[in-house]
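*Asks:* Counting from 1 along the sequence shown, just add 1089 to a position and that's the residue number in my numbering. From the three backbone atoms N, C-alpha and C, an ideal C-beta is built for every residue, glycine too. Since the model is a prediction, treat every value here as computed from it, not as a measurement.
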Amino acid sequence: MELMKPIPIGVENFKEIITSEYYYTDKTLLIRDLLDSGAKVSLFTRPRRFGKTLNMSMLRYFFEKTDEDNSHLFNGLKIADAGEKYMAHMGQYPVISISLKSMAKETFQKNMELFKTLIADEFERHRDVLESDKVTARRKRHFENICNEEASDTICESSLKILTDCLYAVHQKKVILLIDEYDVPLQNAWMNGFYDKMVKFIRSLFDVALKTNDSLEFGVLTGCLRISKESIFTGMNNLKVYSISDVAFSEYFGFTDEEVQQMMRTYHLEQHHATAKQWYDGYHFGKTEMYCPWDVTNFCNDLLYNSDAQAKAYWLNTSGNDIIRQFISSATATMKDDIEQLMEGKAVKKVINQELTYRDLKNSSENLWSMLYMTGYLTHSAVLKDDELELIIPNLEIRKIFRTQIYAWFSAYVSQNKVNLTDFCMTFRNGDAENAQELFNQYLNGVISIRDTNVEIDKKENFYHGILLGLFSHMDDWIVKSNVESGDGYSDILIRIPADEIGIVIEVKYGENEKMEQGCKEALKQIENKNYVQYLLDKGMTTILKYGVACYKKKSRIRKA
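1) Assuming Leu1314 contacts Asp1272 under a Cβ cut-off of 8 Å, what Cβ separation, rounded to an integer in Å, is found between them?
2) Applying the 10 Å Cβ sphere with the 16-neighbour rule, what's the burial state of Tyr1579?
3) For Thr1542, collect the residues of the same chain with a Cβ closer than 6 Å to its Cβ; drop the 5 residues on either side in sequence, then sort them by chain order.
4) What residues are listed by DSSP as bridge partners for Glu1617?
5) Among Asp1521, Asn1387 and Asp1296, whose alpha-carbon lies nearest the alpha-carbon of Thr1323?
6) Restricting to runs no shorter than 3 residues, where is the beta strand (DSSP E) found entirely within the region 1543-1630?
7) From Glu1479 to Asn1442, what distance separates their C-alpha atoms?
8) Using C-beta distances below 8 Å, list every residue in its chain close to Asn1387, excluding the 5 sequence neighbours before and after it, in chain order.
9) Identify whether Ser1454 lies in helix, strand or coil by the three-state DSSP scheme.
10) Give me the Cα-Cα distance between Leu1558 and Asn1551, rounded to the nearest whole angstrom.
11) Taking only runs that begin and end inside the region 1126-1199, name each unbroken alpha helix (DSSP H) of 4 or more residues, in chain order.
12) Does Val1536 come out as helix, strand or coil in the three-state DSSP assignment?
13) Buried or exposed: which applies to Ser1109, given that a residue is buried once 16 or more other Cβ atoms fall within 10 Å of its Cβ?
14) Taking the beta carbon of Met1090 as the centre, do at least 16 other beta carbons fall within 10 Å, making it buried, or is it exposed?
15) DSSP three-state call for Phe1283: helix, strand or coil?
16) Among the residues of its own chain, which have a CB less than 6 Å from the CB of Arg1292, if the five just before and after it don't count?
17) Are the beta-carbon atoms of Lys1619 and Gly1592 separated by less than 9 Å?
18) Determine the direct distance from the alpha carbon of Ile1412 to that of Gln1276, and round the result to whole angstroms.
19) So Cys1514 and Leu1560 are in contact, right, with Cβ under 8 Å, and what is the actual spacing, rounded?
20) Considering Cα atoms alone, identify which of Lys1438, Asn1484, Phe1283 and Ser1453 is closest to Gly1371.
21) Could you tell me the distance, in whole angstroms, from the CA atom of Ile1244 to the CA atom of Lys1116?
22) Rounded to a whole number of angstroms, what is the C-alpha to C-alpha distance between Phe1139 and Gln1360?
23) At what residues does the beta strand (DSSP E) containing Glu1306 begin and finish?
24) Report the option in Glu1340, His1215, Pro1382 and Gln1367 whose CA atom is closest to the CA atom of Asp1120.
25) Using the Cβ count rule (16 or more neighbours within 10 Å means buried), how would you classify Ala1522?
26) Could you spell out where the alpha helix (DSSP H) holding Arg1227 opens and where it closes?
27) Hey, would you say Phe1133 sits closer than 9 Å to Phe1338, going by beta carbons?
28) Got a sec? Which residues, its chain only, sit under 8 Å from Ile1316 by beta carbon, not counting five neighbours each side?
29) What's the call for Asp1331, buried or exposed, on a 16-neighbour Cβ count within 10 Å?
30) Beta-carbon within less than 8 Å of Gln1350's beta-carbon, same chain only, minus the 5 sequence neighbours each way: which residues are those?
31) Comparing alpha-carbon positions, which option in Leu1219, Lys1366 and Asn1144 lies nearest Ile1487?
32) Please check the pair Glu1601 and Gly1637, which I expect to be a contact at CB under 8 Å, by giving their CB distance rounded to whole angstroms.
33) Starting from the Cα of Glu1590, find the closest Cα among Asp1577, Ser1575 and Ile1568 and give me that residue.
34) So, for Ile1481: in the same chain, excluding its five sequence neighbours on each side, which residues have a beta-carbon less than 6 Å away from its beta-carbon?
35) Which same chain residues end up closer than 8 Å to Ile1187 when comparing Cβ atoms and leaving out the 5 residues on each side of it in sequence?
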């Protein structure tokens, strides 16, 4: 039996991937292009789960001068064949590597305490500095205070500069500074109400470490968003930003189609390529179409253990999807209409602002669209003029995340008016189809519709099915079941009201081309032919009410047998 390399799920340490012989998609030519760029400070902005942290780890192991020879890690990789011009840089520099990913605490002070721990860990990694007579006593004192987590906030602001100076003094070689997920503290601070304090700290930290720092060879930062220069990167004229709109470096974060096909060939999963493409492809970085690597690796790994595994939204199990719900909950009528266009598989034209300040995020709908674009929930299908893009939902996974968050928003939306909600539910209990239809139409007019023109009729019915379930679930003394086996099939919705011994059967149809009356008749006929009432009778319900519900866009028709 052929022995295949394990697939790395959540492994972000380059050395571990190579030495443990995990499958690795070679992105080492990032090193070549980074050296060729000559940029003093490079910022790469990409959505989460696109391999930023692994690439930063790879840069560290390539450039860092250590007692251990790490050259074997790059044997057989593309950078090893790129030429001596590039390989001459291997293992030649002191490297500072820090991630701000975990700075997501609920208060500024807790985040500062966490930063002191993070920076202390990195200082400890370079503790041999204290043994050198090339470092001044004052710098050593600061070094010890930082290692012991006793430094003031002011010293913390200078901590990266202090460490670059110490390393340069000891090694007589300028320092490479790697900062991963630089914008996580800012997004978290914005959400928790201490944005101004965090901006001041991060600005000061970067200002002394990255601007006019004579000890710096070059710096590399990663994040999801490009925060405006006025906010963080004030006066930093040496900063080069590579965003998802730029052609340069576009192939190094995420998987290309060729890389996905190669991975699937390796594991004999070629027959699943079309599914992976539908679910996880569609991101446009510059002119390159990319897959989300987190999804592809998880999907392939699931298939290795279960050949019948279905594609799913792996992003749903990661943090950060609150941005969709916040966007939907604050959407104007125009924005809701745009979301409906997107859910239909259509494009919307928007001006994208690639330099954001979180402070202004909710003051401008363009900023909200820009946030969705840069965090990977939307991608561009065409570049127009004057920063205007045609935006689309990239793939089935993101469409599912939108759908899930729309349902969550709708649940909160209807919960705000319990009186109307109870009135609606009671129309079904009382056999009042006319008022049930009127109230349901009111709800449909308020909700964001999911009318994906690219899916089958039953998938369209599922949206309205889900809305009805959400409405009925608020009746505490009703027992609401979905897709229950009853009679000769599975009914859409079965409701038991034990106190009144009333049972309700609801079958939902999609009224294509507004043929809703016909849809209601078909639904009622299906209830009768398949004997859906049997389950309710078996549970002791003595009165049975049967409803056919047909929907099209924001209209419904409800008929009672």
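*Replies:* To lay it out plainly:
1) Stepping through the sequence shown from its first residue, residue 1314 is reached at position 225. Stepping through the sequence shown from its first residue, residue 1272 is reached at position 183. About 5 Å; that satisfies the 8 Å criterion.
2) On the sequence shown, position 490 is the one that residue 1579 refers to. Answer is exposed; the Cβ neighbour count stays below 16.
3) As a working mapping, residue 1542 is identified with position 453 in the sequence shown. Since pLDDT at Thr1542 reaches only 48, below the 50 mark, its modelled position is unreliable, and the value read off the structure follows with that caveat. If we look at Thr1542 and ignore the five residues flanking it on each side, its Cβ neighbours are Glu1433 and Gly1434.
4) Working through the sequence shown from its first residue, we reach residue 1617 at position 528. Glu1617 pairs with nothing; no bridge assigned.
5) As a first step, residue 1323 must be located in the sequence shown, where it is residue number 234. The option with the nearest alpha carbon to Thr1323 is Asp1296.
6) 1568-1575, 1578-1586 and 1591-1599
7) As a working mapping, residue 1479 is identified with position 390 in the sequence shown. As a working mapping, residue 1442 is identified with position 353 in the sequence shown. Rounded to the nearest angstrom, the two C-alpha atoms are 14 Å apart.
8) Counted from its first residue, the sequence shown places residue 1387 at position 298. Taken in chain order, the residues that qualify are Ile1098 and Tyr1403.
9) Along the sequence shown, one-based indexing puts residue 1454 at 365. Three-state DSSP puts Ser1454 in a helix.
10) One-based indexing of the sequence shown puts residue 1558 at position 469. One-based indexing of the sequence shown puts residue 1551 at position 462. Straight-line Cα distance between these residues: approximately 10 Å.
11) 1141-1152 and 1173-1176
12) Looking up residue 1536 in the sequence shown gives position 447. Residue state, collapsed to three classes: coil.
13) Locating residue 1109 in the sequence shown gives position 20, counting from the first residue. Label assigned to Ser1109: exposed.
14) Counting from 1 along the sequence shown, the entry for residue 1090 is found at position 1. The predicted model places Met1090 with a pLDDT of 38, which falls under 50 and marks its position as unreliable, so this point remains unresolved.
15) Looking up residue 1283 in the sequence shown gives position 194. Phe1283 falls in the coil class under three-state DSSP.
16) Walking along the sequence shown from the start, residue 1292 turns up at place 203. So the list reads Ile1321, once near-sequence residues are dropped.
17) Counting from one through the sequence shown, the residue named residue 1619 turns up at place 530. Counting from one through the sequence shown, the residue named residue 1592 turns up at place 503. No; because the gap between Cβ atoms is not below 9 Å, this pair is not in contact.
18) In the sequence shown, the residue the question calls residue 1276 occupies position 187. In the sequence shown, the residue the question calls residue 1412 occupies position 323. Approximately 11 Å between the Cα atoms of the pair.
19) In the sequence shown, counting from the first residue as 1, residue 1514 sits at position 425. In the sequence shown, counting from the first residue as 1, residue 1560 sits at position 471. Yes, they are in contact, since the Cβ atoms of Cys1514 and Leu1560 sit about 7 Å apart, within 8 Å.
20) Residue mapping note: residue 1371 aligns to position 282 of the sequence shown, counting from 1. Nearest C-alpha to Gly1371: Asn1484.
21) In the sequence shown, residue 1244 corresponds to position 155, counting from 1. In the sequence shown, residue 1116 corresponds to position 27, counting from 1. Taking the straight line from one Cα to the other gives about 37 Å.
22) Here residue 1139 corresponds to residue number 50 of the sequence shown, with the count starting at 1. Here residue 1360 corresponds to residue number 271 of the sequence shown, with the count starting at 1. Roughly 24 Å between the two C-alpha positions.
23) By one-based count along the sequence shown, residue 1306 stands at place 217. First-last of the beta strand (DSSP E) with Glu1306: Leu1305 to Gly1312.
24) Indexing the sequence shown from 1 puts residue 1120 at position 31. According to the sequence provided, residue 1120 is Ile. The question's Asp does not apply to it. Comparing Cα-Cα distances from Ile1120 to each of Glu1340, His1215, Pro1382 and Gln1367, the minimum goes to Glu1340.
25) Mapped onto the sequence shown, residue 1522 falls at position 433. Buried, by the Cβ-count rule.
26) Taking the sequence shown and counting its residues from 1, the one referred to as residue 1227 is at position 138. Residues Ala1226 to Cys1236.
27) For the purposes of this step, residue 1133 is taken as residue 44 along the sequence shown, with counting starting at 1. For the purposes of this step, residue 1338 is taken as residue 249 along the sequence shown, with counting starting at 1. Going by C-beta atoms, Phe1133 is nearer than 9 Å to Phe1338.
28) Counted from its first residue, the sequence shown places residue 1316 at position 227. Asp1272, Leu1275, Phe1322, Glu1444, Leu1445, Thr1446 and Tyr1447, listed in sequence order.
29) Residue 1331 sits at position 242 when you count from the first residue of the sequence shown. The question names Asp, but residue 1331 in the sequence shown is Tyr. The residue is buried, with at least 16 neighbouring Cβ atoms inside 10 Å.
30) For the purposes of this step, residue 1350 is identified with residue 261 of the sequence shown, where counting begins at 1. Excluding residues within five positions, the ones whose Cβ falls inside 8 Å are Glu1359 and His1362.
31) In the sequence shown, counting from the first residue as 1, residue 1487 sits at position 398. The residue with the shortest Cα to Cα distance from Ile1487 is Lys1366.
32) On the sequence shown, residue 1601 is found 512 positions in, with the first residue counted as 1. On the sequence shown, residue 1637 is found 548 positions in, with the first residue counted as 1. Wrong, their Cβ atoms sit about 15 Å apart, outside the cutoff.
33) Residue mapping note: residue 1590 aligns to position 501 of the sequence shown, counting from 1. Of the candidates Asp1577, Ser1575 and Ile1568, the one whose C-alpha sits nearest the C-alpha of Glu1590 is Ile1568.
34) The residue labelled residue 1481 in the question sits at position 392 within the sequence shown. The residues are Ala1436 and Ser1470.
35) Taking the first residue of the sequence shown as position 1, residue 1187 is located at position 98. The residues are Leu1207, Ile1208, Glu1211, Leu1249, Leu1267, Ile1268 and Asp1269.
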